[in-house]
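Under the numbering used here, the residue at position 86 of the sequence shown is numbered 210, and the numbers go up by one with no gaps.
Every residue, glycine too, gets a C-beta built ideally from N, C-alpha and C.
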Amino acid sequence: MKPKKVTKAVFPVAGLGTRFLPATKSIPKEIMTLVDRPLIQYAIDEARAAGIKEFIFVTSRGKSALEDYFDNAPELESELRRKGKTEMLEVLKDTNMDSGAIAYVRQNRPMGLGHAVWCARRLIGDEPFAVLLPDDVIAAEKPCLQQMVEAYAQTGGCMVAAMEVPPARASSYGVLDIKNDLGAIVEVKGMVEKPKAEEAPSNLAVIGRYILTPQVLNNLNRMKQGAGGEIQLTDAIAEEVGGKAGVYGYRFRGQRYDCGSKAGFLQATVAFGLSRPDLCEEFGAYLNDMIVQRQAAQ
Ligand code: UTP
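Below is the structure:
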């Protein structure tokens, strides 16, 4: 039987974003901008391209800027119209969500990613759903979630986006224990959250894109705190290993930027800046000058 279509996506955005303090004292991390678009816009565009129709945000106190971002801005729009700035009006269109397409639930304490997803359980109901972490930004010809939705149509079960990392970096990720390597798709026999380098079962790390079965929500119902005292999504997914539908990793095609870290955010800013036709010449020349100056100074 073909797996049910994935039309709902959860965006957990209730974390404290401590790595970006003091900025995140008053700005949600997801509103920070790569060039001129907030991180959340990249995730929404990726979800739309994958056929997602319902967008569920798990938020927390201090995230109202996020809700405002997706609202209509009638004064701004009429001013742009009056001034004939049609291009800017088009840009704004992407930020508008249809009434009822977007929903917000609160996580009242940051108890981990697993707990954040669990907070959305009533809105998800009994169907497969996607989870996108907006601080993982993925540049790809075919958007990553779209690649995964296509792969999921073949496998069913749970699917996590996977990326090769050097062993020393494994302790920052959930890592896959591989049962069967089929190329882009890998069948998984276990998952370990943040293993020590010598204990990592493979070099395939889980990053922030998932397609999950509703069974994972049942697993989260029973979950206790895992690594770091948080309720881990990885643990709830790992419980599905060996189940009827199984768990799969998907080696996506694309470049992932960890915009939850300062270095990753800066790398993404450079990459996205250089990929923009309106900026690449001036920005590229500036970067070249910087390199020359740095080399001269050494
Ligand atoms: P991170 O591990 O990056 O945590 O969460 P964080 O709080 O956002 O950032 P730092 O580490 O303090 O700098 C990964 C994703 O999970 C969400 C975050 O909002 C982010 O999208 N999250 C995490 C929640 O929604 N709730 C939580 O309790 C924890």
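### Task
Count the other CB atoms, across all protein chains shown, that sit within 10 Å of the CB of residue 384; report buried if there are 16 or more and exposed otherwise.
buried
### Task
Compute the beta-carbon to beta-carbon distance between residue 154 and residue 164, rounded to the nearest angstrom, for a pair I have assumed lies under 8 angstroms.
4 angstroms
### Message
So the candidates are 302, 261 and 409; which of them puts its Cα closest to the Cα of residue 382?
### Response
261
### Message
Whole angstroms are fine: how far does the CA of residue 138 sit from the CA of residue 185?
### Response
8 angstroms
### Query
Where residue 176 and residue 132 are concerned, what is the direct C-alpha to C-alpha distance, given to the nearest angstrom?
6 angstroms
### Message
Give me, in chain order, the residues of the same chain whose beta-carbon lies closer than 7 angstroms to that of residue 378; leave out the 5 immediate sequence neighbours on both sides.
### Response
262, 263, 264 and 268
### Continuous beta strand (DSSP E) stretch holding residue 314: start and end
309-317
### Query
Quick one: complete beta strand (DSSP E) runs, 3+ long, within the stretch 149-218?
178-183
### For residue 135, three-class secondary structure by DSSP
strand
### Query
Apart from the five residues just before and just after residue 302, which ones in its own chain have a Cβ nearer than 6 angstroms to its Cβ?
310 and 326
#### Entry: For residue 335, three-class secondary structure by DSSP
strand
### Message
For residue 217, tell me which candidate among 236, 346, 237 and 195 has the shortest Cα-Cα distance.
### Response
195
### Query
Roughly how many angstroms lie between the CA atoms of residue 205 and residue 241, to the nearest whole one?
40 angstroms
### Task
Quick one: using the 10 Å Cβ neighbour count with 16 as the cut-off for buried, is residue 339 buried or exposed?
buried
### Three-pair Cβ contact test at 8 angstroms for the stretch 327-337 versus the stretch 275-282
yes
### Query
Less than 8 angstroms between the CB of residue 340 and some heavy atom of the ligand UTP, yes or no?
no
### Message
Which runs of the beta strand (DSSP E) at least 3 residues long sit entirely within the stretch 248-280? Give them in chain order.
### Response
253-256 and 260-263
### Query
residue 227 and residue 247: beta carbons closer than 9 angstroms?
yes
### Query
Helix, strand or coil: how does DSSP classify residue 289 here?
coil
### Query
So who's on the other strand from residue 229, going by DSSP bridges?
182
### Message
What does DSSP give as the partner residue(s) for residue 282 in the beta ladder?
### Response
371
### Message
Can you tell me which residues form a DSSP beta bridge with residue 140?
### Response
Paired residue(s): none; residue 140 is not in a bridge.
### C-alpha gap between residue 274 and residue 396, whole angstroms
26 angstroms
### Query
Under the criterion of a Cβ to heavy atom distance below 8 angstroms, does residue 137 qualify as lining the ligand UTP?
yes
#### Entry: residue 416 in three-state terms, based on DSSP
helix
### Query
Just how far apart, CA to CA, sit residue 329 and residue 288?
6 angstroms
### Query
In terms of residue numbering, what span does the alpha helix (DSSP H) encompassing residue 359 cover?
357-362
### Limits of the beta strand (DSSP E) - the one that residue 298 falls within
298-305
### Query
When we look at the beta-carbon of residue 244 and count the other beta-carbons within 10 Å, is it buried (16 or more) or exposed?
buried
#### Entry: Counted within 10 angstroms of its Cβ, other Cβ atoms place residue 134 as buried (16 or more) or exposed
buried
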